[in-house]
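As structure tokens, the structure follows; a few thoughts come after it.
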Amino acid sequence: MGWDPISQCLEACSLMTRRILIIDDEDDIRQVAAMSLETVAGWDVMLANSGKQGIERASAEQPDAILLDVMMPEMDGPTTLLKLKASGVTSHIPVLLLTAKVQGPDQRRFAEMGVAATLFKPFDPLTLARQISAALGWKEGD
Amino acid sequence: MPPEKTVHTAASLPAEEQSQEQKMHSMISALWERSRHTVAERARLLESAGELWNDNRLDAATKLRAVDSAHKLAGVLGTFGLPRGTDLAREAEGLFGQSTPPGKAEIERLQVLLAELTRLIDRGPNPTV
Chain A
1026 MGWDPISQCL EACSLMTRRI LIIDDEDDIR QVAAMSLETV AGWDVMLANS GKQGIERASA
1086 EQPDAILLDV MMPEMDGPTT LLKLKASGVT SHIPVLLLTA KVQGPDQRRF AEMGVAATLF
1146 KPFDPLTLAR QISAALGWKE GD
Chain B
976 MPPEKTVHTA ASLPAEEQSQ EQKMHSMISA LWERSRHTVA ERARLLESAG ELWNDNRLDA
1036 ATKLRAVDSA HKLAGVLGTF GLPRGTDLAR EAEGLFGQST PPGKAEIERL QVLLAELTRL
1096 IDRGPNPTV
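Chains A and B are the protein sequences, given in the same order. So in the working numbering, spot 70 of the first sequence is number 1095, and the numbers just go up one at a time. So in the working numbering, spot 22 of the second sequence is number 997, and the numbers just go up one at a time.
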């Protein structure tokens, strides 16, 4: 059997550590989510406490995905999402919204805005990484 | 009353995951200790707003802060292993968020649920820690 560049690439990609940006104004949520993703999945986690800071970090650090809170002061989640999607530097990064609201109209609106998935608070720290992986089609162990 | 648990039970998981779960629980307990002051402050804000509501003295800004605090509590308490706290906070968010003036029954319900919420937060997710 010869060298198969596609298989080699797939193998290398599967060994890469995922890099996740969490944007949430609540310190306790940021800390629990970061601890969960680092401990359970071994991912690298970056934090931002506002939409503005989140856009700056996403542009500079190009995470593999963004976990974005919906209700934030000044710039809320949907506004942050629109700005991320409008920028050529960040439009390709999948965004998952994190919300404590469960109403149907909101979910439809978020889907229309290009969100990859909506996750709900409160989340289970033991399964958060699995939920993100499932939503983004990442393989177990990625 | 037994302590409230998060979704998984250690007994249902393989040894490696049990150890990971135990590690997570102890880390979450440590984070709870750091966060409980903020959480308790939010609950106190709700109680104050409830008293003002009862006296028909709740202004729009305090009402908005109460909705926000209840929303934040609803989002975080279940993650810390207090799912009942999330339910109560969500109910409080709905009551404070309604546009019509509350009736007597709603104010009474709010007082009961806020008292339970405060007790839950005081006790924390694991009273043995």
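C-beta atoms are modelled at their ideal positions from N, C-alpha and C, and glycine is treated no differently.
* **Proximity test, Cβ basis, 8 Å: B:Met1002 and chain A** => The residue you call residue 1002 of chain B lines up with position 27 of the second sequence. So, interface residue.
* In whole angstroms, what is the alpha-carbon distance linking A:Ala1085 and B:Ala1090? -> Position 60 of the first sequence holds residue 1085 of chain A. Position 115 of the second sequence holds residue 1090 of chain B. Each residue's alpha carbon lies about 46 Å from the other.
* Asked: Quick one: is B:Gly1051 near chain A, going by C-beta distance under 8 Å?
  -> What you label residue 1051 of chain B is simply residue 76 of the second sequence in a count that begins at 1. One detail in the question is off: residue 1051 of chain B reads as Val in this sequence, not Gly. Taking Cβ atoms only, chain A reaches closer than 8 Å to B:Val1051, which makes this a yes.
* On the three-state DSSP scale, how would you describe A:Asp1167? -> Walking along the first sequence from the start, residue 1167 of chain A turns up at place 142. With a pLDDT of 49 at A:Asp1167, under the threshold of 50, the modelled position of that residue is not reliable, and no figure is offered here.
* Compute the Euclidean distance between the alpha carbons of A:Ala1141 and A:Asp1053, then round it to the nearest angstrom. => Along the first sequence, read from residue 1 onward, the residue named residue 1141 of chain A stands at position 116. Along the first sequence, read from residue 1 onward, the residue named residue 1053 of chain A stands at position 28. Straight-line Cα distance between these residues: approximately 24 Å.
* To do: Identify which residue in A:Asp1101, A:Ile1045, A:Ile1080 has its Cα closest to the Cα of A:Ser1110.
  => Translated into positions along the first sequence, residue 1110 of chain A becomes position 85. The sequence shown places Lys at residue 1110 of chain A, not Ser. Of the candidates A:Asp1101, A:Ile1045, A:Ile1080, the one whose C-alpha sits nearest the C-alpha of A:Lys1110 is A:Ile1080.
* To do: Could you tell me which of A:Val1120, A:Lys1146, A:Asp1149 sits nearest to A:Ala1136, measuring between CA atoms?
  => In the first sequence, residue 1136 of chain A corresponds to position 111, counting from 1. Nearest C-alpha to A:Ala1136: A:Val1120.
* Is A:Leu1035 close to chain B, meaning its C-beta is less than 8 Å from at least one C-beta of that chain? -> Against the first sequence, residue 1035 of chain A aligns to sequence position 10. Only weak support is given to the placement of A:Leu1035: the predicted model assigns it a pLDDT of 48, under 50, and the question is left unresolved by the model.
* **Under 8 Å from the C-beta of A:Glu1051: neighbouring residues of chain B** => Here residue 1051 of chain A is taken as the residue at index 26 of the first sequence, counted from 1. By Cβ distance, chain B contributes Lys1047, Gly1050, Val1051.
* Contact under 8 Å by Cβ, B:Thr1061 with A:Pro1150 -> In the second sequence, the residue the question calls residue 1061 of chain B occupies position 86. In the first sequence, the residue the question calls residue 1150 of chain A occupies position 125. No, the pair does not count as a contact, with Cβ atoms beyond the cut-off.
* Asked: B:Lys998 versus chain A: which residues are under 8 Å apart at the beta carbon?
  -> Taking the second sequence and counting its residues from 1, one reaches residue 998 of chain B at position 23. At a C-beta separation below 8 Å, B:Lys998 has these neighbours in chain A: Thr1064.
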